[in-house]
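Chemist: Got a structure for you, written out below as C-alpha cells; questions coming shortly.
Chains as they are written, first to last, in this note's numbering: chain A, 6 to 116; chain B, 219 to 333.
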C-alpha cells in the first residue's frame, strides 16, 4: 500500500523563524508532489507543487524534492502567526494512480 | 470563478436517514473525488471518477454510493446514516490532461453530523 508520512506535530516555532515540514513517500514511481495548507474548519488550499529534484521557491515558501531519498520538504521562512495551520503533503503516483495524502503536520507560529 | 461547489455546508442526520451531498465543478475536469476527514485526521478517499459514467471505490467506500452522469456533477449518497459517518466531506477535481502535474482543487466541504 502506497504511503505518505509526515513528521508528527504539533510543530511550534517563534514568529520570524524558519519552519521545516517533512514528508516521505513509499512509491518510488511517484510523479508529482504537493503541499496544501488547511486552516481549522476550512478546505485544503494549494501552497506549492514540485515535480523535479531540487528546490522550488515561491515567496517565503521553498519546496525541496529528493526522489532518490523519496523525500519532500517545505520550508517557511519568516514564519508568521497566520501560517499556523495543518500542512498536508500529497503525492500523485502517475498514470492510473490517485493522490495519496499524508496525515498532516500542525504548525503553530508563536507571536 | 466558482471552481468546485459543494452543498450543503452543514447537515445533521438521524441514524438510518439517507442524503445526497452535491458537488459540481465548472473547470471541465475529468477526474473527481470524494474524501472524508475525521477530526484531527488526514483525508481518506471514498470514491473517485475518471470521467462521466466511470466511478470506482477508494479506501473507505462502505455506506456510500456515487454516480457521474455528467462531467460537472459528482454526487455522493449516504445510504443509511451511521454515527461513524460523522465527518467533513470534501469533493475535489483534477485535470488529468497530458501530465500528472496538476493539483487537486477542493470544494469548501460539507460538515455532517449523525446522531
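C-beta: ideal position from N, C-alpha, C; glycine also.
Can you tell me the Cα-Cα spacing of residue 220 of chain B and residue 93 of chain A, whole angstroms?
Modeler: Residue mapping note: residue 220 of chain B aligns to position 2 of the second chain, counting from 1. Residue mapping note: residue 93 of chain A aligns to position 88 of the first chain, counting from 1. Each residue's alpha carbon lies about 23 Å from the other.
Chemist: So, do the segment 28-41 of chain A and the segment 223-241 of chain B have three or more beta carbon pairs nearer to each other than 8 Å?
Modeler: no
Chemist: For residue 45 of chain A, count neighbouring Cβ atoms within 10 angstroms of its own Cβ and tell me buried if that reaches 16, exposed if not.
Modeler: To locate residue 45 of chain A, count along the first chain from 1; it is residue 40. Exposed, by the Cβ-count rule.
Chemist: For the beta strand (DSSP E) holding residue 259 of chain B, just list the boundary residues, first then last.
Modeler: Locating residue 259 of chain B in the second chain gives position 41, where the first residue counts as 1. Looking at the DSSP string, residue 259 of chain B is not in any beta strand (DSSP E), and its letter there is neither H nor E.
Chemist: Report the option in A:112, A:62 and A:53 whose CA atom is closest to the CA atom of residue 85 of chain A.
Modeler: Within the first chain, numbered from 1, the residue matching residue 85 of chain A stands at position 80. Selected option, being the one with the closest Cα: A:112.
Chemist: Under 9 Å between C-beta atoms, does residue 115 of chain A make it to chain B?
Modeler: Stepping through the first chain from its first residue, residue 115 of chain A is reached at position 110. No, because no Cβ of chain B sits closer than 9 Å to the Cβ of residue 115 of chain A.
Chemist: So which residues of chain B does residue 109 of chain A contact, with C-beta pairs closer than 7 Å?
Modeler: In the first chain, counting from the first residue as 1, residue 109 of chain A sits at position 104. Near residue 109 of chain A (Cβ distances below 7 Å), the residues of chain B are 260.
Chemist: Can you find a CB in chain A that lies within less than 9 Å of the CB of residue 276 of chain B?
Modeler: Here the question's residue 276 of chain B lines up with position 58 in the second chain. Yes, residue 276 of chain B lies at the interface with chain A (some Cβ there is under 9 Å from its Cβ).
Chemist: Would you say residue 112 of chain A reaches chain B, if we count a Cβ-Cβ gap shorter than 9 Å as a contact?
Modeler: Translated into positions along the first chain, residue 112 of chain A becomes position 107. Chain B, which has no Cβ nearer than 9 Å to the Cβ of residue 112 of chain A, makes this no.
Chemist: Report the residues of the segment 293-311 of chain B with a CB closer than 9 Å to any CB of chain A, ordered along the chain.
Modeler: Cβ contacts with chain A: 306, 308 and 310.
Chemist: What does residue 6 of chain A pair with, by DSSP beta-bridge criteria?
Modeler: As a position in the first chain, residue 6 of chain A is number 1, starting the count at 1. Looking at the DSSP assignment, residue 6 of chain A forms no beta bridge with any residue, so it has no partner.
Chemist: Leaving out the 5 sequence neighbours to the left and right, which residues in its chain are closer than 6 Å to residue 77 of chain A when beta-carbon positions are compared?
Modeler: As a first step, residue 77 of chain A is located in the first chain; it is residue number 72 there, counting from the start. Closer than 6 Å at the Cβ level, and outside the excluded window around residue 77 of chain A, lie 28, 38 and 70.
Chemist: Please classify residue 108 of chain A: does DSSP put it in a helix, a strand, or coil?
Modeler: Locating residue 108 of chain A in the first chain gives position 103, counting from the first residue. Here residue 108 of chain A sits in coil by DSSP.
Chemist: Is any beta-carbon of chain B found at less than 9 Å from that of residue 36 of chain A?
Modeler: Start at 1 with the first residue of the first chain, and residue 36 of chain A comes out as number 31. It does: the Cβ of residue 36 of chain A has a partner Cβ on chain B nearer than 9 Å.
Chemist: List, in order along the chain, the chain A residues whose C-beta lies closer than 7 Å to that of residue 263 of chain B?
Modeler: The residue you call residue 263 of chain B lines up with position 45 of the second chain. Those within 7 Å of residue 263 of chain B in chain A are 103.
Chemist: So that I know if they touch, is there some Cβ in chain B lying closer than 9 Å to that of residue 93 of chain A?
Modeler: On the first chain, position 88 is the one that residue 93 of chain A refers to. Yes, residue 93 of chain A lies at the interface with chain B (some Cβ there is under 9 Å from its Cβ).
Chemist: Between which residues of its own chain and residue 89 of chain A is the CB-CB distance below 7 Å, once the five residues before and five after are set aside?
Modeler: Working through the first chain from its first residue, we reach residue 89 of chain A at position 84. So the list reads 112, 113 and 114, once near-sequence residues are dropped.
Chemist: Taking 9 Å as the cut-off, decide whether the C-beta atoms of residue 276 of chain B and residue 263 of chain B are in contact.
Modeler: Residue numbering aside, residue 276 of chain B sits at position 58 when the second chain is read from its first letter. Residue numbering aside, residue 263 of chain B sits at position 45 when the second chain is read from its first letter. Their beta carbons are under 9 Å apart, which means residue 276 of chain B touches residue 263 of chain B by this criterion.
Chemist: Output, in sequence order along the chain, the residues in the segment 49-74 of chain A whose CB is closer than 9 Å to any CB in chain B.
Modeler: 49, 50, 51, 54 and 56
Chemist: Name the residue from B:265, B:325 and B:333 whose alpha carbon lies nearest to the alpha carbon of residue 302 of chain B.
Modeler: As a working mapping, residue 302 of chain B is identified with position 84 in the second chain. Of B:265, B:325 and B:333, the residue nearest in Cα terms is B:333.
Chemist: Give the straight-line distance between the Cα atoms of residue 53 of chain A and residue 311 of chain B, rounded to the nearest whole angstrom.
Modeler: What you label residue 53 of chain A is simply residue 48 of the first chain in a count that begins at 1. What you label residue 311 of chain B is simply residue 93 of the second chain in a count that begins at 1. Each residue's alpha carbon lies about 17 Å from the other.
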